[in-house]
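To keep things clear, I will list the structure first and then write my remarks on it.
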Amino acid sequence: MSARSVPQPPLSTDLLAELHADNLPPHEAEQLRAQVRKDPAAAEFLHSLDGVSAELHALGRDEHILHPMPAQVAARLDALLGELSRGEESQQVATVHRIHTERTAPGPDDDREPPSTRPMPAVEAIPADPFEVQAGEDLPGPDEGPVPIPLDEHRSKRLRWFAAAAAAVAVVAGTLVGVDAMRDRTVSPDALPLEHSAPVALGDELSSATVLSVMGRNDVTGPLSGPGAIAGCVKATVPNRTVLGSTNVTFHGEPAVLILLTGPRPPKITALVVGAGCGPEDPQILETRDIG
Numbered sequence: 001m002s003a004r005s006v007p008q009p010p011l012s013t014d015l016l017a018e019l020h021a022d023n024l025p026p027h028e029a030e031q032l033r034a035q036v037r038k039d040p041a042a043a044e045f046l047h048s049l050d051g052v053s054a055e056l057h058a059l060g061r062d063e064h065i066l067h068p069m070p071a072q073v074a075a076r077l078d079a080l081l082g083e084l085s086r087g088e089e090s091q092q093v094a095t096v097h098r099i100h101t102e103r104t105a106p107g108p109d110d111d112r113e114p115p116s117t118r119p120m121p122a123v124e125a126i127p128a129d130p131f132e133v134q135a136g137e138d139l140p141g142p143d144e145g146p147v148p149i150p151l152d153e154h155r156s157k158r159l160r161w162f163a164a165a166a167a168a169v170a171v172v173a174g175t176l177v178g179v180d181a182m183r184d185r186t187v188s189p190d191a192l193p194l195e196h197s198a199p200v201a202l203g204d205e206l207s208s209a210t211v212l213s214v215m216g217r218n219d220v221t222g223p224l225s226g227p228g229a230i231a232g233c234v235k236a237t238v239p240n241r242t243v244l245g246s247t248n249v250t251f252h253g254e255p256a257v258l259i260l261l262t263g264p265r266p267p268k269i270t271a272l273v274v275g276a277g278c279g280p281e282d283p284q285i286l287e288t289r290d291i292g
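The sequence shown begins at 1 in UniProt numbering and counts up one residue at a time.
What follows is the structure, encoded as C-alpha cells:
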C-alpha cells in the first residue's frame with residue numbers, strides 16, 4: 001500500500017481548522033505543520049483561529065458578558081440536537097428489489113444466450129454506496145420483501161455551520177452544548193415551528209442574548225415571509241451565507257427583520273438587521289454585526 005501523500009500549499013481552510021482543533025493524527029499533524037511553515041497564508045489563517053479562541057475564552061471570563069443561556073435558545077438547541085441524534089428529520093431510504101427467476105439446465109440444442117449479469121439501473125436514481133453482503137449472510141427470499149438501505153452518509157454543509165454556531169453559543173453563554181452526535185446527519189431546511197410573538201425592540205447595541213435567541217427560528221411575518229423572500233434579501237446584502245434563523249424586530253422604532261447568518265469563517269456568526277421591505281433590488285441594510 002502506497003504512503004499517503006502530504007497536502008501541499010495552498011492548504012484548504014477545512015484542513016487547517018482540523019489541524020488547529022487537534023483532530024489529526026500526530027504524524028499527519030507534524031507533516032502538515034511543516035507545510036504551514038512554507039505557506040504564509042496558512043500561517044496567518046492559523047494565527048487568526050488562535051485570535052478567535054483567545055477572544056472567546058476572554059468573553060467567557062468577562063463578568064459583564066457571562067450570562068446564562070436564554071431558556072428558549074437552550075430548548076431549541078436541545079430539540080435540534082435530539083432530532084439530529086435520532087435521525088428523525090432526514091433519513092432517506094432506498095429500496096432494492098431482488099428478482100428471483102427459476103434456473104433450468106440448458107438442453108443440448110438450447111442456443112439461447114446465458115442470463116445477463118449486468119446490474120439493473122437504479123429505480124429511484126438515489127445515489128447509494130455499493131451493497132455488500134458479508135460471508136455467511138442470508139439473502140432475502142422471494143417472499144421476504146424489499147431490503148431498505150439507509151442513505152444518511154452525506155454530510156450537510158448547513159449542519160456543520162449549526163455545529164459551529166452551537167459551539168459559539170456555548171462559549172459565549174457559558175453553557176456546555178454536546179455536538180458530537182451531529183456528524184454524518186442531514187438537517188431539514190425548515191426551522192423549528194414557533195409561535196409568533198411581539199417583535200423585539202433593537203437599538204445600536206445588539207446584545208448577544210437577543211441575537212442568539214434567533215437561532216433556529218423562522219417566524220417572520222410581512223413581505224419577507226413569502227417563499228424565497230429571506231433568501232433573496234440575504235443574497236442582495238451578504239451573499240454566499242446560510243440562514244440560521246430570522247424573526248421580526250423593531251430597529252429604532254421602525255419595523256425590521258433580524259437575520260442570523262453563518263459568519264465569514266467558523267465559528268463566527270453574523271447578525272443582519274434589514275428593513276421589512278428588503279429585496280434583491282432594495283437591500284435596506286440597517287445593521288450588521290459579527291459574533292464569536
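The beta-carbon is built from N, C-alpha and C at its ideal position, and this holds for glycine as well.
As the structure is a prediction and not an experimental result, all values here were calculated from the model.
Minimum C-alpha distance to residue i - residue among the options
| i | options | result |
| --- | --- | --- |
| A41 | H27, A198, P25 and T13 | T13 |
| A276 | G232, G222 and E287 | G222 |
| G216 | V249, E281, D78 and T237 | D78 |
| I291 | E28, L261 and V6 | L261 |
| A201 | E254, V52, P264 and V36 | E254 |
| N218 | L272, A209, N248 and T237 | N248 |
| E44 | H252, P25 and L16 | L16 |
| R289 | S5, A34, T270 and M69 | T270 |
| P264 | Q8, T242, A34 and V211 | T242 |
| A21 | H27, V73 and L46 | L46 |
| L49 | E287, A34, L19 and A29 | L19 |
| D39 | E205, Q8, P227 and T210 | Q8 |
| G226 | T210, L212, V211 and S246 | S246 |
| G228 | V52, E83 and P280 | P280 |
| A71 | V214, Q284 and P283 | V214 |
| L11 | E30, V36 and N23 | V36 |
| I259 | L212, R61 and D282 | L212 |
| E205 | V220, H252, A236 and A231 | H252 |
| A198 | L81, H27, Q284 and T250 | T250 |
| E55 | Q284, L24 and K268 | K268 |
| G203 | Q31, N240, L24 and L272 | L272 |
| T210 | E287, L59 and V73 | V73 |
Buried or exposed by the 16-neighbour rule on C-beta atoms within 10 Å, applied to residue i
| i | result |
| --- | --- |
| S207 | exposed |
| P266 | buried |
| V238 | buried |
| R76 | buried |
| S85 | exposed |
| S5 | exposed |
| P189 | With a pLDDT of 41 at P189, under the threshold of 50, the modelled position of that residue is not reliable, and the figure given next carries that caveat. So P189 counts as exposed. |
Where residue i falls: helix, strand or coil (DSSP)
| i | result |
| --- | --- |
| residue 307 | Nothing about residue 307 can be reported from this structure: the residues present for the chain run from 1 to 292 only. |
| A122 | Confidence in A122 is poor, its pLDDT being 44 and thus under 50, which makes the residue's placement too unreliable to answer from. |
| L24 | coil |
| E205 | coil |
| D282 | strand |
| L260 | strand |
| S12 | coil |
| S225 | helix |
| G292 | coil |
| G51 | helix |
| M182 | Here the model assigns M182 a pLDDT of 39, short of 50, so the residue's position is not dependable and the matter cannot be decided. |
Per DSSP, cross-strand counterpart(s) of residue i
| i | result |
| --- | --- |
| E287 | V273 |
| F251 | L202 and E254 |
| V243 | L261 |
Rounded distance between the beta-carbons of residue j and residue i, thought under 8 Å
| i | j | result |
| --- | --- | --- |
| C278 | L224 | 6 Å |
| residue 294 | V257 | As displayed, the chain neither begins before 1 nor continues past 292, which places residue 294 out of reach and without an answer. |
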